[in-house]
Amino acid sequence: MFLILDNRLFFSATQRNRDCIGDVLSRIIKKGSVLEIGSGSGEHGVVFQKRFPGIIWQTSDPKLVHRKSISSWIEYEDLTKKMPQPLEIDVEKIPWKIPLRLAHSLQAIVSINMIHVAKWSCTEALFRESGKLLNKGQFLILYGPFKICNKHTSESNYFFDNSLKMQNDLWGIKNLEEVCDESKKNGFSQEDIIRMPANNFSIIYRKVS
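Under my numbering, the residue at position 83 of the sequence shown is numbered 201, and the numbers go up by one with no gaps.
Below is the structure:
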């Protein structure tokens with residue numbers, strides 16, 4: 119659900135999960151730049167930019183309405199001198215076009231609640247491009263619902279998965295083991311699995327080769 123006020127979009131889930139996601143990020147990201155893939159409204163981006171002033175949070179989204187929302191949030195939160203404007207990145211259109219300053223300072227890539235509202239090829243592209251952009255020891259961090267051993271972790275996730283597939287039969291909650299296999303193909307190891315509120319997970323992948 120979202121409400122529109124000027125160009126800013128409001129996603130209710132952000133209010134519920136921003137603090138716990140931020141707590142995970144605080145353990146991992148200390149400096150440099152972070153690229154967020156599929157930033158949506160931009161609410162996470164401005165929250166994390168304010169919480170972690172020592173980093174540069176670079177948002178991105180393929181949809182113009184989302185990029186307008188992100189820009190409006192940046193202005194609303196008085197971050198125009200600190201936080202860059204959103205990039206137009208469609209995860210499947212590779213190579214991603216990112217500025218050199220970001221490529222040189224990039225420390226992590228983050229994707230929040232994206233891969234379950236996308237087809238599997240988007241997950242493949244996310245790992246493929248992240249594997250090219252990140253150096254050894256750097257991180258790709260995913261947040262959202264996952265199946266474990268191809269089973270839902272809650273009844274609510276089962277119904278949520280069905281609702282996603284009713285919208286698009288290529289969408290749906292991904293099986294964690296298959297996501298992990300994809301990570302290995304692109305030089306990542308699964309560093310940590312963190313249970314989060316509301317039957318979600320934060321999955322931490324480290325670039326190892």
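For each residue, glycine too, the CB sits at the ideal point set by N, CA and C.
Remember, it's a predicted structure, so these values are computed and weren't measured experimentally.
Backbone secondary structure at residue i - three-state DSSP
i: F319; result: strand
i: Q133; result: helix
i: K325; result: strand
i: N294; result: Note that residue 294 corresponds to Leu in the displayed sequence, not to Asn. L294 falls in the helix class under three-state DSSP.
i: M119; result: Unreliable placement is indicated for M119, whose pLDDT of 49 sits below 50; the coordinate value is still reported in the next sentence. Of the three classes helix, strand and coil, the one that applies to M119 here is coil, per DSSP.
i: L127; result: strand
i: Q308; result: strand
i: L288; result: coil
Beta carbon of residue i nearer than 7 Å to that of residue j
i: N304; j: R219; result: no
i: I230; j: Y261; result: yes
i: I207; j: S157; result: no
i: N317; j: N293; result: no
i: P217; j: T177; result: no
i: K254; j: K186; result: no
i: S190; j: D124; result: yes
Nearest to residue i (by Cα), restricted to the options the options
i: L127; options: I259, K325, V164, R313; result: V164
i: I146; options: D287, G172, G249, S281; result: G172
i: L244; options: Q167, N280, F306, V209; result: V209
i: F170; options: V142, Y323, R185; result: V142
i: L258; options: E195, G249, S239, S157; result: G249
i: I266; options: G255, E295, C240, K283; result: E295
i: N275; options: H184, F319, Q308; result: F319
i: I139; options: I312, K149, W175; result: I312
i: R315; options: P180, M284, S151, N135; result: It should be noted that the sequence gives Pro, not Arg, for residue 315. Taking only the C-alpha atoms, the option nearest P315 is N135.
i: F306; options: Y194, E154, E273, E242; result: E242
i: Q167; options: E193, H234, K181; result: E193
i: E300; options: H270, C240, D310; result: C240
i: S151; options: P180, P202, L197, K181; result: P202
i: L153; options: K215, K211, L197, D196; result: K215
i: K200; options: K181, P213, I174; result: I174
**Request:** Report the residue ranges of all beta strand (DSSP E) runs contained in full by the stretch 233-279; include only those spanning at least 3 residues, in chain order.
**Result:** 257-262
**Request:** Mind listing, in chain order, the continuous alpha helix (DSSP H) runs of no fewer than 4 residues lying wholly within the stretch 133-219?
**Result:** 161-169, 182-194
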